[in-house]
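Note sheet for the following structure.
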Amino acid sequence: MAAPLYGLMARFDTAPEIYHAAEKVRDAGFKNWDCITPFPVHGLDGAMGLRRSHVPKFSLIGGLTGFTTGMSMIFFTGAFDYKLIVGGKPYFSPLFAFPISYELTILFTAFATIAGMFILNLLPQHYHPVLKSKEIVRGLDDTFYVVIEARDPKFELARAKALLSAAGAKEISELEA
Amino acid sequence: MSTHAATISPGSTLASAMAPSSSLRAAANKALIIGLIGLAATGVGIAVSGKAAAFSYLTGLVFWIGIALGALFLVMIHHVFDAGWSTILRRQFENWLSCLPWLGLLFVPLLISAVVSPGTIWKWTDVGYDLAKVGGHGTVGQDVLWFKKSGLLNTTALFLATLVGFGGWSLLANRFRAHSFAQDVDGEISHTHASRFWTAVGLPFTALSMTLCVILWVKALDYHWYSTMYGVWFFAGAIRGALSLGMIITLWLWFRGDYKGILNNNHMHSHGMLMFAFTVFWAYITFSQYFLIYMANIPEETFWYSLREINSNGVFNNWGYVGLFLLFGHFAAPFLTLIHYPVKLSKVWMPRISVFIAFVFLIDIIYNVMPSLKNSNGDAYPFLSLNLLWIGTTVIGVGGVCVWAFLNSFSKTKLIPIRDPRIVESLTYHE
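First to last, the protein sequences are chains A and B. First residue of the first sequence: 297, per our numbering; consecutive thereafter. First residue of the second sequence: 2, per our numbering; consecutive thereafter.
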């Protein structure tokens, strides 16, 4: 029994071709699809209709957590758990808690940003159906591919194929899941 | 040797974007008249408030000097990094730099006051100054804290630093302007190399001379004080002022139509990121200064902040609120707005934020200068006073002169450095 269909993979030979093809696929209303290019193509994100990443939200939460952790740690150790006068200063002041809070803000923001990037990109991902294609290595070298996934609600095999050929695909192959 | 220089084909939209220069000259003259009225009003202030108005004049002048030096730094930073995207922005800073010799001229009255009436502004210009007038005892000459610093804090050093400073800055401004404008005509790459040479000389020179001048002009108003952060504090504020000015000019040119087809979102984003970066830098420097003094708790240092919070009778004064306003207005508000990507691209929000940052830079200068004007108890005069009026007239007066110089230069030069080797990179800038 043949494996279920993962999607369609269409080959393009130049950056302008895949750029315009991406615009057509975007305008056709597809959501679950991607472009594979050997190098970053400027403006392709716009042609694909990608919106701004959600990573900054992770960063903000990380930063706020770090700042709060720093402030509360200094408060807990100096003014709550074991009260101690150091250098004639009050038990707690946001002033001398600031350097540690600032460091933890940066540290936690960095962690949250990396983690957010991994989560949103579904990383680590050791297997991807496009790896079944023997030609995919050329997508890392000198060719461009558009991959439309079968799980996209708008996906119909014949219409998707027609769309890709109309967009100027040089070769269209079906991918197994 | 002009092979590296890019050329814009004639008949492109850029050529038609040049404004008629006659209306610009009329606007320049209007700015000069407003400036002269402002300066005359400050002159009235000297007659009414005397010493306090002289302090106000120093405040307003240092504000514009800071912005001009920030612009000078940004031009040099552009050259030292061989930057690409900021090429279109650099031309407007070059136009602005034409005000530097005029700022030097406007500083002359303050130098004259140090000779004619020593001790009016800088107490140490008069060794016999009676410290009882500002809540101390003895004279400046008997003060060991002055004596140990007298090698720097004297009238000769004040004159030398100011003259060398303005001389050097004006020379640098002249060189950068001359080479950039000449390149528009002949497209020679040698102009870029010459600018790079002047940058290599100019960056350390300006860093040192600006630090020295701001120490003598502003920090030494309270000559007991120590702070190793002072030069870099002024640098941070000056760059923020200049970046805000650059954003205002950029959007003025955008809404006037000149920058259509030139300015893109990536310029706005990078410019906004620089403003954001220097917001954080200013906060880092200013906090460090406060924090080190707070932790060390040495009377020769802490008095500077005590003066700006509490009077000798234990009553809080309104400078404390100014300090808090600086914390939230100069750090928190710009930080929380500029951090957003869409804000940095917004042609509605960026001019507002820029005007606000420039305004708070002025408040920062006021906070540094005005409390040093003490009464006989050694307390600062209140923030809300007639002095604010004289600061306002000075800001308008000196600002008018700066805008006049800018518009005069702007009307005579190309909108962008059309034959700069990096101009195509700047016009097609993409991150």
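Every residue gets a Cβ at the ideal spot worked out from N, C-alpha and C, and that includes glycine. Quick caveat, the model's predicted, so the values are computed rather than measured.
C-beta contact flag for residue i and residue j at 7 Å
{"i": "B:Leu70", "j": "B:Ala239", "result": "yes"}
{"i": "B:Glu426", "j": "B:Gly85", "result": "yes"}
{"i": "A:Arg307", "j": "A:Glu467", "result": "yes"}
{"i": "B:Glu310", "j": "B:Tyr227", "result": "no"}
{"i": "B:Thr156", "j": "B:Thr126", "result": "yes"}
{"i": "B:Ile397", "j": "B:Gly137", "result": "no"}
{"i": "B:Cys214", "j": "B:Gly152", "result": "no"}
{"i": "B:Ile358", "j": "B:Pro343", "result": "no"}
{"i": "B:Ala32", "j": "B:Val404", "result": "yes"}
{"i": "A:Phe496", "j": "A:Asp448", "result": "Look at the range of chain A in this structure, 297 to 473, and you will see that residue 496 of chain A is not part of it."}
{"i": "B:Thr121", "j": "B:Ala48", "result": "no"}
{"i": "B:Val233", "j": "B:Ile286", "result": "yes"}
{"i": "B:Pro418", "j": "B:Ser181", "result": "yes"}
{"i": "B:Asn175", "j": "B:Phe411", "result": "no"}
{"i": "B:Lys124", "j": "B:Val141", "result": "yes"}
{"i": "B:Trp103", "j": "B:Val402", "result": "yes"}
{"i": "B:Glu432", "j": "B:Asn267", "result": "yes"}
{"i": "A:Tyr441", "j": "A:Met344", "result": "no"}
{"i": "B:His79", "j": "B:Arg92", "result": "no"}
{"i": "B:Thr200", "j": "B:Val81", "result": "yes"}
Proximity winner among the options, relative to residue i (alpha-carbon distances)
{"i": "A:Phe414", "options": "A:Thr439, A:Ser349, A:Val337", "result": "A:Ser349"}
{"i": "B:Phe235", "options": "B:Leu254, B:Asn312, B:Met351, B:Ile366", "result": "B:Ile366"}
{"i": "A:Leu301", "options": "A:Tyr398, A:Ala311, A:Lys428", "result": "A:Lys428"}
{"i": "B:Asn369", "options": "B:Phe317, B:Phe198, B:Tyr306, B:Asn376", "result": "B:Tyr306"}
{"i": "A:Val443", "options": "A:Ala311, A:Pro395, A:Thr333", "result": "A:Thr333"}
{"i": "A:Thr409", "options": "A:Leu459, A:Arg347, A:Ser355, A:Ala299", "result": "A:Ser355"}
{"i": "B:Leu387", "options": "B:Ala53, B:Met77, B:Asp127, B:Leu159", "result": "B:Ala53"}
{"i": "B:Met230", "options": "B:Ile216, B:His431, B:Lys31, B:Arg241", "result": "B:Ile216"}
{"i": "A:Lys385", "options": "B:Asp380, B:Asn298, B:Ile340", "result": "B:Asn298"}
{"i": "B:Leu264", "options": "B:Phe362, B:Ile294, B:Tyr430, B:Ile190", "result": "B:Tyr430"}
{"i": "A:Gly362", "options": "A:Leu380, A:Leu403, A:Lys327", "result": "A:Leu403"}
{"i": "B:Leu339", "options": "B:Ser245, B:Trp170, B:Ile364", "result": "B:Ser245"}
{"i": "A:Gly383", "options": "B:Ile294, B:Thr395, B:Asn314, B:Arg423", "result": "B:Ile294"}
{"i": "B:Ala183", "options": "B:Thr395, B:Ile424, B:Lys415", "result": "B:Lys415"}
{"i": "B:Asn376", "options": "B:Asp185, B:Asn314, B:Ser22", "result": "B:Asn314"}
{"i": "B:Met371", "options": "B:Met77, B:Gly330, B:Ile35, B:Tyr58", "result": "B:Tyr58"}
{"i": "B:Lys413", "options": "B:Ser50, B:Leu112, B:Asp185, B:Val45", "result": "B:Asp185"}
{"i": "B:Ala72", "options": "B:Ser99, B:Gly51, B:Asp83", "result": "B:Ser99"}
{"i": "B:Met276", "options": "B:Ile354, B:Ser50, B:Thr43, B:Trp391", "result": "B:Ile354"}
{"i": "B:Thr395", "options": "B:Gly61, B:Trp199, B:Leu374", "result": "B:Gly61"}
{"i": "B:Gly168", "options": "B:Gly203, B:Val316, B:Leu222, B:Lys134", "result": "B:Gly203"}
{"i": "B:His272", "options": "B:Val45, B:Pro110, B:Met351, B:Gly330", "result": "B:Met351"}
{"i": "B:Ile190", "options": "B:Leu389, B:Ala115, B:Trp255, B:Asp83", "result": "B:Asp83"}
Bounding residues of the alpha helix (DSSP H) (the contiguous stretch that carries residue i)
{"i": "B:Ile240", "result": "231–257"}
{"i": "B:Ala55", "result": "52–81"}
{"i": "A:Leu436", "result": "Note, A:Leu436: premise wrong, no alpha helix (DSSP H); not H, not E."}
{"i": "B:Ile286", "result": "266–297"}
{"i": "B:Ser171", "result": "156–187"}
{"i": "B:Leu337", "result": "334–339"}
{"i": "B:Thr88", "result": "88–97"}
{"i": "B:Gly321", "result": "320–326"}
{"i": "B:Tyr342", "result": "342–346"}
{"i": "B:Asp364", "result": "As written in the sequence, residue 364 of chain B is Ile, which differs from the Asp given in the question. Note, B:Ile364: alpha helix (DSSP H), 350–370."}
{"i": "B:Pro102", "result": "101–117"}
{"i": "A:Glu431", "result": "Careful: A:Glu431 lies outside any alpha helix (DSSP H) and carries neither H nor E."}
{"i": "B:Trp147", "result": "145–148"}
N-terminal and C-terminal residue of the beta strand (DSSP E) that residue i is part of
{"i": "A:Phe440", "result": "440–445"}
{"i": "A:Ile468", "result": "467–472"}
{"i": "A:Met413", "result": "From DSSP, A:Met413 is part of no beta strand (DSSP E) but of the alpha helix (DSSP H) over 390–416."}
{"i": "A:Ala306", "result": "301–308"}
Members of the stretch 322–346 of chain A that neighbour chain B once the beta carbon cut-off is set at 9 Å: Within the stretch 322–346 of chain A, the residues whose Cβ lies closer than 9 Å to some Cβ of chain B are His338, Gly339, listed in chain order.
Original post:
In chain order, what residues of the stretch 391–422 of chain A put their CB closer than 8 Å to some CB of chain B?
Top reply: Closer than 8 Å at the C-beta level to chain B, one finds these residues of the stretch 391–422 of chain A: Leu391, Phe392, Phe394, Pro395.
Next on the checklist: Short of 8 Å Cβ to Cβ, which residues in the stretch 370–384 of chain A face chain B?
Outcome noted: Only those residues of the stretch 370–384 of chain A whose C-beta falls short of 8 Å from the nearest C-beta of chain B are listed: Gly383, Gly384.
Quick one: complete alpha helix (DSSP H) runs, 4+ long, within the stretch 327–353 of chain A?
Scanning the stretch 327–353 of chain A for uninterrupted alpha helix (DSSP H) segments of 4 residues or longer gives 340–343, listed from N- to C-terminal end.
Residue ranges of each beta strand (DSSP E) within the stretch 198–225 of chain B, 3 or longer
None, since the stretch 198–225 of chain B contains no complete beta strand (DSSP E) of that length.
Q.
Counting only Cβ-Cβ distances shorter than 8 Å, please list the residues of the stretch 322–344 of chain B near chain A, keeping chain order.
A. Considering only beta carbons, the part of the stretch 322–344 of chain B lying closer than 8 Å to chain A consists of Tyr342, in chain order.
- Query: Taking the runs of the alpha helix (DSSP H) that are 4 residues or longer, which of them lie wholly in the stretch 373–417 of chain B?
  - Reply: Those alpha helix (DSSP H) runs which fall completely within the stretch 373–417 of chain B and span 4+ residues are 388–413.
Contacting positions in the stretch 263–277 of chain B - beta carbon closer than 7 Å to chain A
Residues: none.
(message) To be precise: take each residue of the stretch 358–388 of chain B, compare its Cβ to all Cβ atoms of chain A, and keep it if any distance is under 7 Å. Which residues remain?
(response) Answer in chain order: no residues at all.
Can you pull out the residues from the stretch 219–243 of chain B whose beta carbon lies closer than 7 Å to at least one beta carbon of chain A?
Residues of the stretch 219–243 of chain B whose Cβ lies closer than 7 Å to any Cβ of chain A: none.
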